[in-house]
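Just so you know, we're using the numbering used here here: the sequence shown kicks off at 718 and counts up by one. The beta carbon of each residue, even a glycine, is placed where N, CA and C say it ideally should be. Only one structure is covered here, and it is reproduced in the block below.
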Amino acid sequence: MVHKITNGFKLFRDNNLIGFAYGVKGKMQNNPTFPQPPAALGDLDKILPEYQEMVNVKASGGDEEMRFNKKAIRAKVITLLSDLADYVTVTCNGDPAKLVSSGFELARARGTKAMAAIKELKVTIDRTGEAITKVKRVAGAKAYIHQYTTDPLTSDNVWVNKVSTEPGYNFTGLKSKEKYWFQVIAVGLDGQESASPPVSRVVQ
Numbered sequence: 718m719v720h721k722i723t724n725g726f727k728l729f730r731d732n733n734l735i736g737f738a739y740g741v742k743g744k745m746q747n748n749p750t751f752p753q754p755p756a757a758l759g760d761l762d763k764i765l766p767e768y769q770e771m772v773n774v775k776a777s778g779g780d781e782e783m784r785f786n787k788k789a790i791r792a793k794v795i796t797l798l799s800d801l802a803d804y805v806t807v808t809c810n811g812d813p814a815k816l817v818s819s820g821f822e823l824a825r826a827r828g829t830k831a832m833a834a835i836k837e838l839k840v841t842i843d844r845t846g847e848a849i850t851k852v853k854r855v856a857g858a859k860a861y862i863h864q865y866t867t868d869p870l871t872s873d874n875v876w877v878n879k880v881s882t883e884p885g886y887n888f889t890g891l892k893s894k895e896k897y898w899f900q901v902i903a904v905g906l907d908g909q910e911s912a913s914p915p916v917s918r919v920v921q
């Protein structure tokens, strides 16, 4: 079976697209699987702050010009992500682990079985500025996406994602005394996903 990545990101809402794009950028940069990424990766790095600012600040009002500019930047981000998706597809040659390591999502094959639900997420905050997320291994999972976002938790939150083959991950560099939300998503060989319930913690 040849595995492919999905272009479903084109339908994401602005804040979700921003979070997804930052996730792809972070996973592809310095990734040995992608030693010579295209210029689109650098261009994405440059345009994302402007896109995020326009979505969260400038486009919050009713200015028609601002909304038009936001749409233009969104279209550019989607084009850059599409260019990166093409590069990832060619480079990974169908290897699901390599594809997932790029931050892109696998297209789900027809007839694939659903993955078991993640019922519990443990978040340990024993050390200052750190948090460890851990779930039980999920049968059929080939990778785990560990993620966090700031409080309060809303549909517009931008999540920081880290992909690992392990069900546990140690986040560092978090702000002390700040409340964060954490979640883990298990990814199957055929693109199936199983997400844990979000859990909040105040970091030491």
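Could you name the residues of the same chain whose beta carbon sits closer than 7 Å to that of residue i, not counting the 5 residues immediately before and after it, in chain order?
i: residue 807; result: none
i: residue 821; result: 722, 741, 802 and 805
i: residue 720; result: 811, 813, 816 and 823
i: residue 790; result: 764, 767, 768 and 771
Output the distance between the C-alpha atoms of residue i and residue j, rounded to the nearest integer angstrom.
i: residue 763; j: residue 800; result: 15 Å
i: residue 782; j: residue 874; result: 25 Å
i: residue 795; j: residue 769; result: 14 Å
i: residue 892; j: residue 846; result: 6 Å
i: residue 738; j: residue 913; result: 22 Å
i: residue 882; j: residue 920; result: 25 Å
i: residue 864; j: residue 895; result: 16 Å
i: residue 916; j: residue 886; result: 15 Å
i: residue 824; j: residue 889; result: 31 Å
i: residue 792; j: residue 760; result: 13 Å
i: residue 849; j: residue 743; result: 19 Å
i: residue 876; j: residue 724; result: 19 Å
i: residue 871; j: residue 767; result: 22 Å
i: residue 732; j: residue 844; result: 30 Å
i: residue 884; j: residue 784; result: 41 Å
i: residue 754; j: residue 897; result: 32 Å
Residue i and residue j: beta carbons closer than 7 Å?
i: residue 798; j: residue 729; result: no
i: residue 911; j: residue 840; result: no
i: residue 815; j: residue 750; result: yes
i: residue 918; j: residue 842; result: yes
i: residue 832; j: residue 811; result: no
i: residue 745; j: residue 765; result: no
i: residue 880; j: residue 838; result: no
Identify which residue in the options has its Cα closest to the Cα of residue i.
i: residue 859; options: 920, 759 and 905; result: 905
i: residue 835; options: 817, 898, 888 and 851; result: 851
i: residue 772; options: 876, 761 and 735; result: 735
i: residue 869; options: 853, 899, 755 and 848; result: 899
i: residue 752; options: 897, 809 and 884; result: 809
With a 10 Å radius around its C-beta and 16 neighbouring C-beta atoms as the bar for buried, classify residue i as buried or exposed.
i: residue 818; result: buried
i: residue 878; result: buried
i: residue 909; result: buried
i: residue 756; result: exposed
i: residue 903; result: buried
Counting only the same chain and skipping the five closest in sequence on each side, list residues whose C-beta sits under 8 Å from that of residue i.
i: residue 747; result: none
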